[in-house]
Amino acid sequence: MEGNRLPAGSTEPRGPAGEGGARGQTVLRIEALQVYFVKKRLLEKMTVVKAVDGVDLDLAKGEILGLVGESGSGKTTLGRAVIGLVRPTSGTVTIMVDGEEKDVGAAKGKEWKTLRTHLQIVFQDPFSSIDPNMRVYDALRLPLQANGVKSSGEISAKVSDVMKRVGLPEEVVNNYVFQLSGGQRQRVGIARVLLFNPSVVVADEPVSMLDASLKGDILNIIERESRERGVAFLFVTHDMAVAKVVADRIAVMYLGKVVELGPADEVISFPFHPYTKAMLQASPTIDPSMKDKIRSVNIVGELAQSTAHPSGCKFNPRCPYVMDLCRQKEPPLAELKPGHVAACWLH
Ligand SMILES: Nc1ncnc2c1ncn2[C@@H]1O[C@H](COP(=O)(O)OP(=O)(O)O)[C@@H](O)[C@H]1O
Ligand SMILES: [Mg+2]
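With the numbering used here, you'll find the sequence shown wraps up at 351, consecutive numbering, no jumps.
Here it is in structure tokens:
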């Protein structure tokens, strides 16, 4: 799992050169993205949930970008906006397809359908997207047919190719999805997205429901697909330890905003933001010797309601280092080391 952790835009290869070819060109650009939800209940005041509140991120070919944050920080909403499942309130998501830039939010009809094959999503619970009463073969055949692959020879070749890539034995194709173990089910979930040779995959907590040993298997598949085929992953997790194992870079999200972003080793070993430090301490599987290096950061309280963001730095009510400035003004993301940015007035 070792590799040089490169920021987007670098042209150096991370691992052995594979079919994916050159790494490093930007394949996905998220710019000034906001997703607000308006909630209105009878006899109640209207409230606005700022689920994503101004995010800029790039994803390079073959890169695994870990998106880390507590539950409610806006990770899933960001991931869904990236693949066009929720409409942004403002901002854009651009994907590069055959050297051309495509605006995900503006695509319609046939163009949208094509874009969607390049942009895929893996969910935490594969049951949410796959009918458990289907045979595995059908779970893989139907999406192909829906996208115009008609020849049964081509279908069975593609099915057998993805089954190998995710480590499912051939005979499993005849099983019903409900008969599979949790790990096998998630392999089918991943196989389904790999059928289309996507350039970008949003993986939303893909291993959170799995035991430790199965986690590693799934992370290996993701690593290999990124290295050998240049698939870029936006890997959403609440667990720093998982991000540490799989990600090239880590983005830490708090109440709709990225508060720290940098090469994974850097963010884990030399975090700048007090929230990142707290996340690292909360992660039970991070090497304990590493934890000692991080000065004890005890954050207080719960994630603020995303309808009532505090003024200034959103983290200020929970931050042990809070200063007056933090309550008055929101800190911008500043580059504190090459490729490593954080939004904190302490730095
Ligand atoms: N469809 C929706 N309608 C209203 N609020 C939503 C909707 N989806 C998410 N939210 C709210 O947006 C915030 C971010 O949620 P989410 O993106 O699921 O965070 P995470 O994945 O980090 O747990 C939460 O406050 C959540 O309640
Ligand atoms: Mg989520």
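Beta carbons are placed, not taken as given, at the ideal position from N, Cα and C, and that holds for glycine.
Everything numeric in this text was worked out from a predicted model, so none of it was measured.
| Check | Outcome |
| --- | --- |
| What does the alpha-carbon distance come out to for the pair D165 and F200? | 12 angstroms |
| Could you tell me the boundaries of the alpha helix (DSSP H) in which D129 lies? | Note, D129: premise wrong, no alpha helix (DSSP H); not H, not E. |
| So, is P92 buried or exposed, given that buried needs 16 or more other C-beta atoms within 10 angstroms? | buried |
| Would you identify the three-state DSSP class for P94, choosing helix, strand or coil? | According to the sequence displayed, residue 94 carries Ser and not Pro. Strand. |
| Tell me the rounded alpha-carbon separation between A111 and L119. | 8 angstroms |
| Does DSSP put D252 in a helix, in a strand, or in coil? | coil |
| Kindly provide the chain-ordered list of residues whose Cβ lies closer than 7 angstroms to any non-hydrogen atom of ligand 2. | S75, K79, T80, D208, E209, V240 |
| Pull up the DSSP beta-bridge partners for P278, would you. | DSSP output for P278 lists no bridge partner at all. |
| Can you give me the start and stop residues for the alpha helix (DSSP H) that K333 sits inside? | Here K333 belongs to no alpha helix (DSSP H), and DSSP marks it neither H nor E. |
| Beta-carbon within less than 8 angstroms of I222's beta-carbon, same chain only, minus the 5 sequence neighbours each way: which residues are those? | G187, Q190, R191, I194, P210, V211, L214 |
| Hey, how far is the Cα of G171 from the Cα of N320? | 46 angstroms |
| The alpha helix (DSSP H) with E264 in it runs from where to where? | Looking at the DSSP string, E264 is not in any alpha helix (DSSP H); the run it does join, the beta strand (DSSP E), is 261-267. |
| Given 8 angstroms as the limit, is there contact between the segment 78-98 and the segment 168-183, that is, 3 or more CB pairs closer than that? | no |
| Shorter than 7 angstroms, the distance from the beta carbon of S77 to the closest heavy atom of ligand 1, or not? | yes |
| For the segment 47-67 against the segment 120-128, do three or more pairs of beta-carbon atoms, one drawn from each stretch, fall closer than 8 angstroms, so that the two count as touching? | no |
| Sorted by chain position, which residues of the same chain lie with C-beta nearer than 7 angstroms to L350's C-beta, five sequence neighbours on each side aside? | Y325 |
| Counting pairs of beta carbons, one from the segment 238-255 and one from the segment 267-287, are three or more of them closer than 8 angstroms? | yes |
| What does L71 pair with, by DSSP beta-bridge criteria? | V240, A255 |
| Look up G25 in the DSSP assignment and say whether it is helix, strand or coil. | Residue placement at G25 is flagged as unreliable, the pLDDT there being 39, under the threshold of 50; the coordinate-derived value follows with that caveat. Looking at G25 - three-state DSSP - the assignment turns out to be coil, as it is neither helix nor strand. |
| Suppose contacts are defined by Cβ-Cβ distances below 8 angstroms. Is S205 in contact with V126 by that definition? | The question names Ser, but residue 205 in the sequence shown is Val. Cβ atoms of V205 and V126: closer than 8 angstroms. |
| Pull up the DSSP beta-bridge partners for R1, would you. | Nothing can be reported for residue 1, as the shown portion of the chain is limited to 5 through 351. |
| Tell me, which residues are paired with Y40 by DSSP? | K54 |
| Going along the chain, which residues of its own chain have a beta-carbon closer than 8 angstroms to the beta-carbon of P278, five neighbours each way excluded? | V301, I303, F319, C323, P324, Y325, C348, L350 |
| With 8 angstroms set as the bound, which would you pick, yes or no: does the beta-carbon of V101 sit closer than that to a beta-carbon of chain B? | The chain labelled as chain B is not found in the depicted structure, where only one protein chain is given. |
| Who does M100 pair with in a DSSP beta bridge? | E105 |
| Could you spell out where the beta strand (DSSP E) holding D208 opens and where it closes? | 204-208 |
| How big is the Cα-Cα spacing for V197 and K333? | 43 angstroms |
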